[in-house]
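Q: Under the UniProt record's numbering, think of the first position of the sequence shown as 1, with each following residue one higher.
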Amino acid sequence: LRYDVVASQGGRIPFGARTDSGAIFVKEPLDYEQESVYHLRLLVSDGRHNASTDVFIYVEDVNDNAPVFDQDEKSRRIIYLLEGQGTGEFFRIGRESGEVELV
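1) Determine whether the beta carbon atoms of Gln-9 and His-39 lie at a separation below 8 Å.
2) By Cβ distance, which residues of its chain are closer than 7 Å to Ala-17, with the 5 residues on each side in sequence left out?
3) Quickly, what does DSSP pair Ala-7 with across the bridge? List them, please.
4) With DSSP as the reference, label Ser-97 as helix, strand or coil.
5) So Leu-1 and Val-44 are supposed to be a Cβ contact under 8 Å. How far apart are they, rounded?
As C-alpha cells, this is what we get:
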C-alpha cells in the first residue's frame, strides 16, 4: 500500500504522510491565529484500487507571545502571600525559592 495526503480544497498544507504507513506528520510550524482547523484527505492505493478518507486536524491555541515589561528596571521585589492567611501562621513561603513549607 502507498499513502499520500492532500488538501481537501486544494492548496498547500503543512502536513505530510508516511508513504508506507499513512502516519500523518507536521512539516512546518502551525499557527492557531492563521489556521485553526485543517481538512485533509488521506489517500491510499495498492496499485489497482484507490481509497480515501477525510481527516480534520484541530490546532490548539497556546500563548506564543513573549512577556513584555513596561518598565526598564534591572530588579523587582516579589512578595508571596497565601490567600486568607496572615504571615507566619501555618505555612511559610521561602523568600528565595517560593516553596511552600509547613511551619
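Positions of the beta carbon are idealized from the N, C-alpha and C atoms, including for glycine.
A: In short:
1) Looking up residue 9 in the sequence shown gives position 9. Looking up residue 39 in the sequence shown gives position 39. Going by C-beta atoms, Gln-9 is nearer than 8 Å to His-39.
2) Position 17 of the sequence shown, counted from the first residue, corresponds to residue 17. Once the five neighbours on either side are set aside, the close Cβ partners of Ala-17 are Tyr-3, Asp-4, Val-5, Ala-23, Ile-24, Leu-42.
3) Position 7 of the sequence shown, counted from the first residue, corresponds to residue 7. Answer is Leu-40, bridged to Ala-7.
4) Residue 97 sits at position 97 when you count from the first residue of the sequence shown. The answer is coil: DSSP assigns Ser-97 none of H, G, I, E or B.
5) The residue labelled residue 1 in the question sits at position 1 within the sequence shown. The residue labelled residue 44 in the question sits at position 44 within the sequence shown. Sure, about 6 Å apart at Cβ, within 8 Å.
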